[in-house]
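Read through the structure below, which is laid out as C-alpha cells, and then see the notes.
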Amino acid sequence: MPDWKKIRDDFPALHQQVNGHPLVYLDNAATTQRPRVVIDTLSRFYERDNANVHRGLHALSMRATDAYEGARARVAKFINAAAPEEIIFTRGTTESINLVASSWGSANLKPGDVILLTEMEHHSNLVPWQLIAQRTGAKLRYLPVLGANVEGGLDLAQLDALLTPEVKLFAFTHVSNTTGTINPAAELCAKARAKKIVTMIDGAQSIGHMPVDVRAIGCDFYAFSGHKMAAVTGIGAFYGRQALLDAMPPYQGGGGMISNVDFFESRWKPTPERFEAGTPNFADAIALGAACDYLDGIGRDEIARHDGDLARLAYEKLSVLPGIRLLGPKGERGGLVSFAFQEVHAHDIVTFADEDGIALRGGHHCNQPLMKKLGLTGTTRASFYVYNTAEEIDVLVTSLRRILKFFAGS
Amino acid sequence: MPDWKKIRDDFPALHQQVNGHPLVYLDNAATTQRPRVVIDTLSRFYERDNANVHRGLHALSMRATDAYEGARARVAKFINAAAPEEIIFTRGTTESINLVASSWGSANLKPGDVILLTEMEHHSNLVPWQLIAQRTGAKLRYLPVLGANVEGGLDLAQLDALLTPEVKLFAFTHVSNTTGTINPAAELCAKARAKKIVTMIDGAQSIGHMPVDVRAIGCDFYAFSGHKMAAVTGIGAFYGRQALLDAMPPYQGGGGMISNVDFFESRWKPTPERFEAGTPNFADAIALGAACDYLDGIGRDEIARHDGDLARLAYEKLSVLPGIRLLGPKGERGGLVSFAFQEVHAHDIVTFADEDGIALRGGHHCNQPLMKKLGLTGTTRASFYVYNTAEEIDVLVTSLRRILKFFAGS
Amino acid sequence: MSDLSDLYQQVILDHNRRPRNRGKLPTANRVAHGDNPTCGDQCNVYLRVEGDRIAEISFDGSGCAISQASASLMTTQLKGKTAAEAGKLYEEFHHIVTTGEEPAEISDLGAFAGVHTFPARIKCATLGWHAALNALKGDPAPATTESHTD
Amino acid sequence: MSDLSDLYQQVILDHNRRPRNRGKLPTANRVAHGDNPTCGDQCNVYLRVEGDRIAEISFDGSGCAISQASASLMTTQLKGKTAAEAGKLYEEFHHIVTTGEEPAEISDLGAFAGVHTFPARIKCATLGWHAALNALKGDPAPATTESHTD
Ligand SMILES: Cc1ncc(COP(=O)(O)O)c(C=O)c1O
Ligand SMILES: Cc1ncc(COP(=O)(O)O)c(C=O)c1O
C-alpha cells in the first residue's frame, strides 16, 4: 500500500491556507497539482541542460535531445505503445484531437462519411469533429447516453446499429469528466475494429488515474494532457498506430518536420517529427516523463483504487443531502462526483465552498450538449487525486450543508 | 549602462564546464538561456497558485486566471499592442504562423490570389503558406534576396513590382536567423498597406533583441516565441489587429473557445479565447510575462546595442580567417554571424568547437531554399545574447584557428 | 462569511427565491438573449416598448443567484423608463458592482455593492442588463458578457 | 582532443581530403539518393551492376567529413561485391559505429569506431551506405537516415 500521507507531502501547493482554512483541492479533473519532483525536473533542466533539440551537435543540445527523446520513450512505455515513434507531443488533449481530426480527417473523410461520437463528449472531442465535418462534407452521428435520472452512461445497446458502413471513425471518451462514467474502451474498440472503423479515445480523465494500455485496448489513437496527470501545463501527447501515422499528412508546417524544402514544395519527415513543427516544448515534455515515473512509483492500480474509493465514498455521503441529484453510476466510477440541487446554482455553491477553503468546479464542464440532454444547466463537481483524503470529503459535506441552509433558511 | 557582468550571473545554465572548459553558449538564435527569475516564477506558480484558468470561481483558479490574463496584458504592452485581446498565446512562432495561415488564409484566399514571401524565410514562415496555398489554390511568390557574395539582403528594388493586385498577404521575417539581416519592417508594411495587403511578420529573431512596437511598424500580424527571449519553451504568441482577428474563424476547436455548443453546431467566443482551444499553457505564459519584465529591466535599446556590437565584433575578427565566407551585412545587423569555409563542413566545426566548450549551430538553419540560392550546403552560426562577452569571441576565434589547422595540416 | 453575506444580501436572496416578472411576455415586441459563456448562465429579456418607454418587461433563463436576482431586480427598475434612462441606470449599476460604492440615492441596486469584491461575478450581475439594453437597441445578436466593452 | 582524434582518424581525414570514386558514373544502371534531414547532408550513389555484382561504384553529395569519408571508403569496399556481401559488410560497419568494437579482420572500416562516442554522428557515417543499399535493391525512394530501422 502506498503511503498516501507521505504522497500528500510531495505536493507543495496543497500546504496552504485559503480564506483562513486549509486548502481542500477538489478540482483535479480541471487540473491536478504537481509534485515537487516534477517541478524540480523542470527547473533543473533549465538550469543545466537547456538548449534547442535536434540538429544540434553541441553538448547541451545533445543532452536536451536525449532527454526529450527519452521522455517520448517513457510516455510510450507508460501507455504500452509499440514504439516511441507512435507518441506525438502536443499541447494537450485538445490539440491532439484537433491534429488527428484535421490530418487524418482531411486525408480520409469525404461527403457522406460519418464520424460517430457519443453524447457525453467534452467540447474538445466534439468541436474538432464539427470543424473537419464542415471542411470535408462528412456528417456527425451520436451514440446516445441514457437519459435523466438513470446512470447517464452510454446506451451500448444502440452501438451495433449505429456502426454502419458509412462510419469511418468512432471517437469517445475513456472516462467522462462530468458523470465519472468509465466506458468499456476495449469492447467499444473491438466492435469498431471488426468493421474496420478507426477509433480515437479521449484519455484526458483516465491517463493519470488508471493503468492505460493502448494495445490491450486496441484503439488507433489515444489523446491526453500532462496537466491532468501531475505533470505541467503546455504539454500532452497522443498515441497513433504507426501505420495510420505514416499515411497522414502534416498538421502544422515549419522547422523540424521537413526532409526537404524548396520554394514551392516540401517533403516531410516520418513520424513523429512530421507532426511536431517548430521548436517542440521539450522542457515540459521532460517534466511529463518525470510525472510518468512518479505515478508508476505509486502504482496506477493503487491510484485507480484510491481515487475510485474516494469518489464512491463521496457519492454515498452526498446522497443523503436534501434535494441532491447525483450524476453517473453508483458503483464503479472514475475519481469524481458531480451533483446538482434544484434550489442552489452550482456557481453559488462554488463561491461558498471557496470561503471554506474548498476548491470545486461548477458549470457545464465543457459538456453543454450533455447538460441540455440531462435537463441541467450545470453541476458542481468534486474530483479527487492521490493526495485527497476521506476527511476532506467530510469537510465538503459540512460545507454543503451550511450552504443549503443559507439558501433555504434566510 | 546595464551591468552586463551581473546580468550574466542571472543565468544559472551558463555557469558550468563543458568538456573541461567553461561553457561558451553561442547558440542563442536556436534558443536562449533563462534567467533565475523566470525559472523561479514558474516554480513558484506551480507551488502556490496552480489551478485551471477561466470558468473557475475558487481562489486558486481566480489567482491563476488573473496571472494568466496579466501575462497577456504584459505581452501586449511589451510590443505596444492596442489591447490585451490582440495577443493570442500559442506554442511559439511556428504555431502562430500556422494559425494565421490556416485561419486567415482559409477565410480570405481563393484560387489566383498570391501570397508574397521572401527568399530568406525560415521554414516556419514558408511551409505553412505552402500548405494553405495547396488548400485554397492560392500561389506563392518570392521577393528575391541579393545573390551570393553580396550582402544577402532583400532586393527591395523589386518590391513595388511584386506587390500586384493579386497579392493578398505579405509575410517576411524581421531579422534573418541565417544572415542576421534586419529588414526595414515599417517600410515594407507601409508599402503593403498602401495596397491594402495584409502583413505578417516573423519576429522570432527580433522579439528578444530589440524594441518592437507593432503599431509603429504598422503590421497586421506579428509572431514570436518565448524560448528565444529568455522565457521558457512551449509558449509564444502572436499579435493580430483586432479587426482582422474578429473576422477570422477558429483554428482549433475545444473547451474554452466556444460560447455555445450543440451536437451539430457551435458558436465561438470573441478573440482571444476563440483562438485558444483547450487548457492554455498558462504557467509558461506567466513565465513569459516575467521574461518581458526582465528584458525591459535591462532595456531593449541596450540589448540591441549589446548584441549588435558583439555581432559586428565577431564579424570583424572572423573576417581575417583564411577562406571564410561571411553572410549578411557588414554593419548594422542582428546579434548573430554565420559563416562557411570551403574545406571544413559546418558540422565538423560544431563538433570541434564543442570540445572547447563552445556551443555553435551548423547546418541549413531551417533555411534550405536560401542555402541553395546562395550556393551553400550549410553555415556555422554564432549567435549572441545579453550574457555573451567580447572575450567569448576570442575563445571562438582561437578554436576556429585550431580547427582549420587540424583539417588543413594533418 | 462576512464577505459572502455582503455578496448575498437579503435583497438578492429574496429576488433569487421569488423572482419578479419571470417568464415569457406574450405581448413583447422586443426580445434579446444574453449568455455568459464562461459560466453557462443564460438570460432572455422580453420588452413591450410603447413610444420610447418600456411598458412591460420580463425575463427568464438560468444562472446563479446573482444573475437571477439581478435580472429580477432590473425588471422592477426598468419598467416605465425610456431607453436613455435605462442606459443611465445601467451605468449607475455598473459603477456599483465594479467599485462597491453605494448609489447616491437610496435604491435596491445598492444590494449589489458586495459583488465588487468578487470580480469573477460581475459578469453574472450584468448579464440581464446587457440583454435588456440590446433588446432596447433592437440588436438581434445575442448579448454576451465576453464583449470587449465589459 | 583525444575523443576527437579518435573520431577524425587519419583514414577519415584522408578520404575526406581526397575522396575516392567521387563524381557521377556515366555508365551507372542504378542510382539512389540519400539525405540526412537533421543535418542537411546529401549523398548520391551510382552503381553499375553486372550480373549480381557491383562492377563500378561512385558517389557525390555534400556533408561533413564523417559522411564524405564514409561514402568514399564505402565505394572502395563495395566494388566487386554481391548485394548479399554488401549487406553483410553494412551490418559489420553498423556494428562498428554503434558499439566502437573493432572489426574481426583488419579493415579500414575500423577507422570509424570512434563514431560511437558521438551518437549524433552515426547517421552521418551510415548515410552513403543507406543510399547504396537502396540502389542495390532498386528502391526509387530517397534513402533517409530518419528511417525507423536506423
Ligand atoms: C526566423 C525564425 N522564424 C521562425 C522560427 C521558429 O520558431 P519556433 O521554432 O520557436 O516556432 C525561428 C527559430 O527557429 C526563426 O529563427
Ligand atoms: C474528457 C476531457 N476531454 C478533453 C479535455 C481537454 O483537455 P485539455 O484542456 O487539457 O486540452 C478535458 C479537460 O478539460 C476533459 O475532461
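Protein chains in written order, with our numbering: chain A, 933 to 1342; chain B, 933 to 1342; chain C, 71 to 220; chain D, 71 to 220.
The beta-carbon is built from N, C-alpha and C at its ideal position, and this holds for glycine as well.
Taking 7 Å as the upper bound on Cβ-Cβ separation, chain D lies near residues His986, Arg987 and Leu989 of the segment 971–992 of chain A.
In this structure, DSSP gives C/Tyr78 a state outside helix and strand, which the three-state scheme calls coil. For A/Gly1295, the nearest CB of chain C lies under 8 Å from its own CB, placing it at the interface with that chain. In the three-state DSSP reduction, A/Met1132 falls in the strand class (E or B).
In terms of beta-carbon proximity, B/Cys1224 stays away from the interface with chain A, with every pair separated by 8 Å or more.
DSSP assignment within the segment 1190–1246 of chain A yields the following whole alpha helix (DSSP H) runs of 4 residues or more, N-terminal first: 1214–1230. Assignment of A/Gln949 by DSSP, reduced to helix, strand and coil, places it in the strand class.
If you draw a 10 Å sphere on the C-beta of A/Lys1100, you find 16 or more other C-beta atoms in it, and that means buried. Distances from the CB of A/Thr1105 to the heavy atoms of ligand 2 include at least one below 7 Å. In this structure, B/Asn1057 has its CB closer than 7 Å to one or more heavy atoms of ligand 1. According to DSSP, A/Val1046 shares a beta bridge with A/Lys1071 and A/Val1099.
Proximity of C/Ala135 to chain A, defined by a Cβ-Cβ separation below 8 Å, is satisfied. Distance from the CA of A/Ala1015 to the CA of B/Ser1056, rounded to the nearest whole angstrom, comes to 28 Å.
B/Lys1201 counts as buried, since at least 16 other C-beta atoms from the protein chains shown sit within 10 angstroms of its C-beta.
DSSP places B/Ala1291 in the strand class (E or B) of the three-state scheme. Counting along the chain, the unbroken beta strand (DSSP E) around D/His103 starts and ends at Arg100 to Asn106. In the DSSP annotation of this structure, A/Leu1041 is not part of any alpha helix (DSSP H), being labelled neither H nor E. In this structure, the alpha-carbon of A/Leu989 lies about 7 Å from that of D/Ala190. In the structure shown, the three-state DSSP call for C/Ala183 is helix. Nearest CB-CB separation between D/Gly110 and chain B: below the 8 Å threshold. Interface annotation, A/Lys1201: in contact with chain D, CB-CB separation under 8 Å. For B/Met933, there are no C-beta contacts with chain C under 7 Å, since the nearest C-beta of that chain is about 41 Å from it. DSSP lists D/Gly104 and D/Gly131 as the bridge partner or partners of D/Cys113. If you draw a straight line from the Cα of D/Pro96 to the Cα of A/Asn1213, it is about 48 Å long. According to the DSSP secondary-structure assignment, B/Asp959 is paired through a beta bridge with B/Ser1315.
In summary, the residues of the segment 1067–1100 of chain B whose CB is separated from some CB of chain A by less than 7 Å are Leu1072 and Tyr1074, in the order they occur in the chain. When CB distances to chain A are screened at a threshold of 8 Å, the residues of the segment 95–122 of chain D falling below it are Asp105, Pro107, Thr108 and Cys109, in chain order. Of all alpha-carbon atoms in A/Gln1274, A/Ile1235, A/Val1046 and A/Ser993, the one lying nearest the alpha-carbon of A/Leu1075 is that of A/Val1046. D/Leu74 reaches chain B at Thr1283, Phe1284, Glu1287 and Phe1338, counting residues in chain order whose Cβ is nearer than 9 Å. Distance from the C-beta of A/Thr1025 to the nearest heavy atom of ligand 2 is below 7 Å.
Collapsing the DSSP output to three states places B/Val1164 in coil.
For B/Leu1058, at least one C-beta of chain A is nearer than 8 Å to its own C-beta. For the C-beta of B/Ile1335, not a single chain A residue is nearer than 8 Å; the gap to the nearest is close to 13 Å.
At a cut-off of 8 Å, the C-beta of B/Gln1137 has no neighbouring C-beta in chain A. Taking the Cβ atoms as the reference, B/Ala1291 lies roughly 18 Å from B/Asp942, outside the contact range of under 8 Å. Apart from sequence neighbours up to five positions away, the residues of its chain that approach B/Ala1209 with a beta-carbon distance below 8 Å are Pro1182, Tyr1183, Gln1184, Gly1185, Gly1186, Gly1187, Gly1188 and Met1189, ordered along the chain.
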